[in-house]
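See below for the structure under consideration.
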Amino acid sequence: MQIDGKVVIVTGASGGIGLATARLLGARGAKVVLAARNEEALRAAETEIPNSLAVRADMRKAKDIRNLVERTVERFGRVDCLVNNAGQDLNAPVEAIDSDDYRSILELNLIGALEAMQAVIPIMRRQGSGAIVNVSSGTTKMILTGSAGYSSSKAALNHLSLVARAELAADGIAVSLIYPYITDTDLEKNAIGADEHSIASPPSGIPPADPPEKVAEAILSLIESGEAELSLIPRRD
Ligand SMILES: NC(=O)c1ccc[n+]([C@@H]2O[C@H](COP(=O)([O-])OP(=O)(O)OC[C@H]3O[C@@H](n4cnc5c(N)ncnc54)[C@H](OP(=O)(O)O)[C@@H]3O)[C@@H](O)[C@H]2O)c1
Numbered sequence: 221m222q223i224d225g226k227v228v229i230v231t232g233a234s235g236g237i238g239l240a241t242a243r244l245l246g247a248r249g250a251k252v253v254l255a256a257r258n259e260e261a262l263r264a265a266e267t268e269i270p271n272s273l274a275v276r277a278d279m280r281k282a283k284d285i286r287n288l289v290e291r292t293v294e295r296f297g298r299v300d301c302l303v304n305n306a307g308q309d310l311n312a313p314v315e316a317i318d319s320d321d322y323r324s325i326l327e328l329n330l331i332g333a334l335e336a337m338q339a340v341i342p343i344m345r346r347q348g349s350g351a352i353v354n355v356s357s358g359t360t361k362m363i364l365t366g367s368a369g370y371s372s373s374k375a376a377l378n379h380l381s382l383v384a385r386a387e388l389a390a391d392g393i394a395v396s397l398i399y400p401y402i403t404d405t406d407l408e409k410n411a412i413g414a415d416e417h418s419i420a421s422p423p424s425g426i427p428p429a430d431p432p433e434k435v436a437e438a439i440l441s442l443i444e445s446g447e448a449e450l451s452l453i454p455r456r457d
């Protein structure tokens, strides 16, 4: 899909990868709808990015997700693309994962992403085209101690996306997955269990964190190509 003039919802657009993506898509001519909870950050982004619309949404809440899509259609008349980026990390060994923390992570990383897809799919089907990019994690391809709660939420998102891709191809809707590598954002600062089991600083000997702008470029390339998956995990040669 060519991005110029398209209507794109970016969740988690108040900072990090989501804000970098919103900036890039806006600069390439998209009409970007910015969703997150931090209204001050959203307003600042809305002022900065031309043709953008800020909508406060807690992606754990079904009514906020419905409102987000309704406001998008009200303002722009259509939804061409959804970037399901809002997410939170959970750092704890399996033995110590708190069930309420885990439910909260699943509600955001998995169920919120599912409900956002379900809200836009009928619109995209009527239009005859659409692109959905789900932001997963490179950790789903690794066995990292302390990451099971987070990685399992993203691993479930992987499967949801790949099956949705098969189900929606005939409707002209491309569902894609991106697997970012460690990225220089506030993810670890915002994590549940951040202080106890943080993996914020990559251990020595592994490649440095990517800037969020690199992930934004990769998300744009997936929107354009409609490919199934794109991994930013550095190759070991
Ligand atoms: N950074 C990495 O190393 C890395 C690696 C792999 C994958 N990822 C994935 O990349 C995505 C973006 O993360 P990031 O690195 O940019 O982290 P970040 O800087 O912590 O940004 C997270 C974004 O998600 C939003 N968010 C959090 N909870 C939300 C909620 N309940 N409802 C709506 N929005 C919510 C935050 O906005 P508000 O707080 O304003 O709501 C913020 O805009 C996540 O899905 C993450 O899992 C990151």
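Sequence positions in the sequence shown follow the numbering used here and run 221 to 457.
C-beta: ideal position from N, C-alpha, C; glycine also.
Here the alpha carbons of L397 and V355 stand approximately 6 Å from one another. Secondary structure within the region 388 to 455: the beta strand (DSSP E) runs of 3 or more consecutive residues, fully enclosed, are 393 to 399, 449 to 451 (chain order). In the DSSP assignment, V289 falls within the alpha helix (DSSP H) that extends over 282 to 296. Taking a C-beta distance under 8 Å as the contact criterion, Q308 and N329 qualify as a contact pair. Cβ-Cβ separation between V227 and T292: approximately 7 Å, consistent with a contact (criterion under 8 Å). Remark: the C-beta of G238 is in contact range of ligand 1, defined as less than 7 Å to any heavy atom. In the structure shown, the three-state DSSP call for A312 is coil. Across the structure, I229 and D391 are spaced so that their CA atoms are roughly 19 Å apart. Judged by the Cβ position, T360 fails to qualify as a neighbour of ligand 1 at the 7 Å threshold, every heavy atom of the ligand being at least this far. Beyond the five residues adjoining it in sequence on each side, A351 comes within less than 6 Å, by CB distance, of M221, C301, A394, I443 in the same chain, given in chain order. At a threshold of 7 Å, G235 counts as near ligand 1, since its beta carbon sits closer than that to one of the ligand's heavy atoms.
Boundaries of the beta strand (DSSP E) around V227: 227 to 231. Cα atoms of A336 and P428: separation of roughly 32 Å, rounded to the nearest angstrom.
A233 is positioned such that its CB atom lies closer than 8 Å to that of L239. Counting along the chain, the unbroken beta strand (DSSP E) around L302 starts and ends at 301 to 304. For V230, the shortest C-beta to heavy atom distance toward ligand 1 is 7 Å or greater. Under the DSSP assignment, A250 falls outside any alpha helix (DSSP H); it carries neither an H nor an E label. Under the DSSP assignment, I331 falls outside any beta strand (DSSP E); it carries neither an H nor an E label. A direct Cα-Cα distance of roughly 44 Å separates I363 from E294. Annotation for A351: the continuous beta strand (DSSP E) segment containing it runs 350 to 355. Linking D320 to K281 through their CA atoms gives a straight-line distance of about 16 Å. Sequence-distant Cβ neighbours of L273 in its own chain, meaning closer than 8 Å and more than five residues away, are K251, V252, V253, L254, E266, R291, T292, R295, F296. The shortest CA-to-CA distance from I325 to any of Q347, T365, G369, P270 is the one to G369.
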